[in-house]
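Undergrad: Chains as they are written, first to last, in full-length UniProt numbering: chain A, 1 to 348; chain B, 1 to 348. I'd like to ask some things about the structure below.
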């Protein structure tokens, strides 16, 4: 089969790789319908972190089950499924706490020795604890819903998780730091799922700001740093916001997030740090902040989110502004790296 | 009047200072009955931080109101009162959120230009929003209850706040890092007020461990660092604890606190950092932790805690293992600095 592999910084190629196959009785073999490129895939592409030459890429995909191992009971061949970006048994202590991204039998697609999502098929370990079936199957699913379902595999659930960690509830005022797909989908999750009343999106890209507004952002702040903090305070009677979603993960975005939080406020952090940011604890102390961290347990959210996408009440798919055939994955990486695309989907 | 002043590292003297007096219509003048020495007072005493020569000391006291300004309505001369270590108006947005330690008209006793608690009398700004009256007055209060009431002015409420921040509720398992007065009173607060079931106290001093056990600690761990973390994990099926109270504030104690927290756990941080610790955010991310910070809003807790001390159901006073006359304050500093005393009270 064919799959995207990382060759070196800036070089992604779609090449022939060994066919995905079942190797454990808990596995499922899934034929990929759509996959996509993640902001985190760009870290190696841009040379920020190391990645082994020849390693497989991609951890977000939806597809159709082709075969299952002998112990799999909840999915069967022909099922249309959403895969979270990590697999999980859904039965260990962390999973039972709703933190499937710390499953003791879990792992991430695309890690060494596993199939990546950006390929024709994927071996899915712990299939029962990982895959969530889309009712009705692929044939009866409106193709316009595919981007929304694909977004559930990571960014939509991650954005929502950020808003959940930030403590957003009905009527909340929330600020979202980061206008990538995760930040934009934090806006959508805060508004559509958690019923926030006011959402301030930090964005200085017109296209992203416009999408953010369409997702329900009530205010957009283009300024950064101290100026951005001052603008948010101006918008909130000088007090700052009770809920901040940190969806970037850099020292600069952290400084903004901490600076705009109201005394007693909460920062929900889903911007995975790819460097090693250190956080001074004086500001959190002085401001009585709550900081909540975590890589989104997508599997925890899927049973709720899949029906919302299917009934049209929640549409995270608009973050995909470019869709390419798998064979053209390299163009997708370049488009995202050059910020010509918010998020690129790969079809077929 | 006489009051303790800081002269230089290691040198505290009780000297003649200007009489405390009312200078604002919202003030009360309080004659000090008991005050005490705080762990944070030792930072300058030990030369860790700078403090102005001649500056007043102490922020914890109980006393009797001697006079009030024209706008004061809730306390009157003769009332026996507990003072939180910071004054507050109790009406600003932060106060209304229960965070009186960020009151917009607040301040700390003993700061430049204010009276310290370690003296004969104190001018209390914002008296209505600050002082809490002990029902019945000083004459009818059992002298055995005075240490407990004095503890409420800081350490008892601070320990409880740590447990509250850590999310402790009925049946919780909690670890307390720090066996100073605050850590010990976090044990008591977790057990007596919040109904924790299991409390692991990190302590390697026999006297403190014994007091911790008397306060309800079910386990004492003397090891530190990686060994301490391993011991706590051994005690919790390898999973770590859901609730950690960080009552020290050093890089070492933070590392232990983060290391012993269960995936998805919460660290309540009341150990005020006197250096500038930086926190790596990888561990909180990886472990899906919630970190909650803040200098305890003692005033928020006092209306609940004063009656508990008065009816004998809650006795935080045992942390005072040494009581000296005010004139011997210097001996108290030395005893605490040399760890011969957990906490020293100054009488009269």
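Heads up, the beta-carbon is just placed ideally off N, CA and C, and yes, glycines get one too.
Would you list, in chain order, the members of the stretch 80-113 of chain A that have their beta-carbon closer than 9 Å to a beta-carbon of chain B?
TA: Here the close residues are 93, 94, 97, 98, 99, 101 and 102.
Undergrad: Give the DSSP-derived three-state secondary structure of residue 224 of chain B in the structure shown.
TA: Residue 224 of chain B: coil per DSSP, three-state reduction.
Undergrad: Out of A/53, A/276, A/143 and A/191, which one is the CA nearest neighbour of residue 10 of chain A?
TA: Residue 10 of chain A has its Cα closest to that of A/53, out of A/53, A/276, A/143 and A/191.
Undergrad: Return the CA-CA distance between residue 215 of chain B and residue 191 of chain A, expressed in angstroms with no decimal places.
TA: Roughly 46 Å between the two C-alpha positions.
Undergrad: In the DSSP assignment, find the alpha helix (DSSP H) that holds residue 202 of chain A and state where it starts and stops.
TA: Looking at the DSSP string, residue 202 of chain A is not in any alpha helix (DSSP H); the run it does join, the beta strand (DSSP E), is 198-202.
Undergrad: How far does the alpha helix (DSSP H) with residue 181 of chain A in it reach, from first residue to last?
TA: Element bounds for residue 181 of chain A: 181-188.
Undergrad: Spatial neighbours of residue 102 of chain B within its chain, please: CB distance less than 7 Å, with the 5 preceding and 5 following residues excluded, ordered by chain position.
TA: Excluding sequence neighbours, residue 102 of chain B sits near 94.
Undergrad: For residue 280 of chain A, go through chain B and note every residue whose CB falls closer than 7 Å to its CB, in chain order.
TA: Neighbours of residue 280 of chain A on chain B, chain order: 276 and 278.
Undergrad: Can you tell which of A/147, A/150, A/187 and A/77 has its C-alpha closest to the C-alpha of residue 164 of chain A?
TA: It is A/187.
Undergrad: Mind checking the stretch 287-317 of chain B against chain A and listing, in chain order, the residues whose C-beta falls within less than 7 Å of any C-beta there?
TA: Those would be 288, 289, 290, 291, 292, 293, 294 and 295, in chain order.
Undergrad: Identify whether residue 349 of chain B lies in helix, strand or coil by the three-state DSSP scheme.
TA: Since the displayed chain B opens at 1 and closes at 348, residue 349 of chain B lies outside it and no answer follows.
Undergrad: Mapping DSSP to helix, strand and coil, what is residue 131 of chain B?
TA: Residue 131 of chain B: coil per DSSP, three-state reduction.
Undergrad: Classify residue 237 of chain A as buried or exposed, calling it buried when 16 or more other Cβ atoms lie within 10 Å of its own Cβ.
TA: Residue 237 of chain A comes out exposed.
Undergrad: Tell me the residue span of the beta strand (DSSP E) that contains residue 325 of chain A.
TA: 320-325 is the span of the beta strand (DSSP E), which, as asked, contains residue 325 of chain A.
Undergrad: Quick one: measure Cβ to Cβ for residue 117 of chain A and residue 59 of chain A, integer angstroms, because I've assumed they're closer than 8 Å.
TA: About 5 Å; that satisfies the 8 Å criterion.
Undergrad: At which residues does the alpha helix (DSSP H) containing residue 80 of chain B begin and terminate?
TA: That residue, residue 80 of chain B, is in no alpha helix (DSSP H); its beta strand (DSSP E) goes 80-83.
Undergrad: For chain B, check one thing: does any of its Cβ atoms lie closer than 7 Å to the Cβ of residue 162 of chain A?
TA: No, residue 162 of chain A does not count as interfacial toward chain B.
Undergrad: Helix, strand or coil: how does DSSP classify residue 8 of chain B here?
TA: Reduced to three states, the DSSP call for residue 8 of chain B is strand.
Undergrad: In chain A, what lies closer than 9 Å to residue 284 of chain B by C-beta?
TA: In chain order: 269, 279, 291, 292, 293 and 294.
Undergrad: Are the stretch 258-274 of chain B and the stretch 227-234 of chain B touching, with three or more C-beta to C-beta distances below 8 Å?
TA: Because the criterion of three Cβ pairs below 8 Å is met, the stretch 258-274 of chain B and the stretch 227-234 of chain B touch.
Undergrad: Could you pull out every residue in the same chain whose Cβ sits closer than 7 Å to the Cβ of residue 197 of chain B, ignoring the five residues on either side in sequence?
TA: These residues qualify, in order along the chain: 171, 172 and 173.
Undergrad: Could I get the ranges of all uninterrupted beta strand (DSSP E) runs contained in the stretch 140-179 of chain B, with 3 residues as the minimum, in chain order?
TA: You should have 173-177.
Undergrad: Residue 36 of chain B lies in the beta strand (DSSP E); which residues open and close that run?
TA: Residues 28-36.
Undergrad: Tell me, please, whether the CB atom of residue 273 of chain A is closer than 7 Å to any CB atom in chain B?
TA: Chain B contact via Cβ: present.
Undergrad: Of the choices A/135, A/239, A/73 and A/297, whose alpha-carbon is the least far from that of residue 27 of chain A?
TA: Closest option to residue 27 of chain A, Cα to Cα, is A/73.
Undergrad: Whose C-alpha, out of B/130, B/126, B/305 and B/218, is nearest the C-alpha of residue 23 of chain B?
TA: Comparing Cα-Cα distances from residue 23 of chain B to each of B/130, B/126, B/305 and B/218, the minimum goes to B/126.
Undergrad: Suppose contacts are defined by Cβ-Cβ distances below 7 Å. Is residue 134 of chain A in contact with residue 30 of chain A by that definition?
TA: Not in contact: residue 134 of chain A and residue 30 of chain A (Cβ atoms no closer than 7 Å).
Undergrad: Please name the residue in B/121, B/201 and B/18 whose C-alpha comes closest to that of residue 64 of chain B.
TA: For residue 64 of chain B, the nearest C-alpha among the options comes from B/121.
Undergrad: Excluding the five sequence neighbours on either side, which residues of its own chain have a C-beta within less than 6 Å of the C-beta of residue 189 of chain B, listed in chain order?
TA: Cβ within range, chain order: 159, 160 and 163.
Undergrad: Leaving aside the five residues before and after residue 50 of chain A along the sequence, list all residues of the same chain whose C-beta is less than 8 Å from its C-beta, in chain order.
TA: Excluding sequence neighbours, residue 50 of chain A sits near 44.
Undergrad: Take residue 303 of chain B and list the residues in its own chain whose beta-carbon comes closer than 8 Å to its own, dropping the five residues that flank it on each side.
TA: Taken in chain order, the residues that qualify are 132.
Undergrad: What are the boundary residues of the beta strand (DSSP E) that residue 211 of chain A is part of?
TA: Per DSSP, residue 211 of chain A belongs to no beta strand (DSSP E); it is in the alpha helix (DSSP H), 206-214.
Undergrad: Output yes if chain B places a C-beta closer than 7 Å to the C-beta of residue 263 of chain A; else output no.
TA: At least one chain B Cβ lies under 7 Å of residue 263 of chain A.
Undergrad: Consult DSSP for residue 194 of chain A and reduce its assignment to one of helix, strand or coil.
TA: Residue state, collapsed to three classes: coil.
Undergrad: Using only CA atoms, which one of B/279, B/249, B/283 and B/275 lies nearest to residue 269 of chain B?
TA: Of B/279, B/249, B/283 and B/275, the residue nearest in Cα terms is B/249.
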